[in-house]
Amino acid sequence: MADCVFCAIVAGSVPAFKVIDSPDGVGFLDTRPVFKGHVLIVPRTHVVTLPDLSPEALPGYFGLVQRVSAAVPAALGAKGTFVAINNIVSQSVPHLHTHVVPRTKGDGLRGFFWPRTKYADDEEANGYAEKIAKELG
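As structure tokens, this is what we get:
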């Protein structure tokens, strides 16, 4: 879709700090992370919500989400992850995306209040992306 920023990231016409680029989807750092290392995973095809994703695409897409949710704690020393999908409500970009947020006990995340932070610069963001990408192989 021409005006979708996530489609543009998938196509490579908009830069992103990618952690994985596979036939099943693309994972990249959220530019406004809840915690540093927060990854968004999107399917390669433009669909708006999870119900729009074809049944044939589900295993590959969620396999990718599973891989990223294992790689993030291993790469960053987190204790776990929070994995979430918004469908329409609170969906800031109308393209299906799954959040994989690194978590540590006592990190301050409560319920669905997601405080946002920023990377100091592109170099710091690139460092986080490279750590997660390395863990993904």
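So in the working numbering, the last spot in the sequence shown is 320, and the numbers never skip. Each residue gets a CB set at the ideal place from its N, CA and C atoms; glycine is no exception.
Nearest residue (CA-CA) to residue i, options the options
{"i": "residue 275", "options": "213, 198, 196", "result": "213"}
{"i": "residue 204", "options": "219, 288, 226, 216", "result": "226"}
{"i": "residue 271", "options": "306, 231, 264, 300", "result": "231"}
{"i": "residue 222", "options": "259, 306, 293, 235", "result": "259"}
{"i": "residue 248", "options": "185, 202, 216, 291", "result": "202"}
{"i": "residue 319", "options": "185, 224, 186, 251", "result": "251"}
Cα-Cα separation, residue i to residue j
{"i": "residue 198", "j": "residue 189", "result": "10 Å"}
{"i": "residue 281", "j": "residue 194", "result": "18 Å"}
{"i": "residue 245", "j": "residue 289", "result": "28 Å"}
{"i": "residue 314", "j": "residue 257", "result": "9 Å"}
{"i": "residue 255", "j": "residue 209", "result": "15 Å"}
{"i": "residue 218", "j": "residue 278", "result": "22 Å"}
{"i": "residue 253", "j": "residue 301", "result": "23 Å"}
{"i": "residue 179", "j": "residue 287", "result": "Any property of residue 179 remains undetermined from this structure, which presents the chain solely from 184 to 320."}
{"i": "residue 268", "j": "residue 233", "result": "8 Å"}
Span of the beta strand (DSSP E) around residue i
{"i": "residue 286", "result": "281-286"}
{"i": "residue 235", "result": "Where residue 235 is concerned, there is no enclosing beta strand (DSSP E), given that its DSSP letter is neither H nor E."}
{"i": "residue 211", "result": "208-212"}
{"i": "residue 223", "result": "222-225"}
{"i": "residue 265", "result": "263-268"}
{"i": "residue 202", "result": "201-205"}
Boundaries of the alpha helix (DSSP H) in which residue i is found, first to last residue
{"i": "residue 241", "result": "241-259"}
{"i": "residue 188", "result": "188-194"}
{"i": "residue 305", "result": "305-319"}
Near the ligand SAM: residue i beta-carbon under 7 Å from a heavy atom
{"i": "residue 223", "result": "Ligands displayed in this structure: none; no statement on the ligand SAM is therefore possible."}
Handout entry: Meets three-Cβ-pair contact criterion under 8 Å: the region 232-246 and the region 303-314
Key = no
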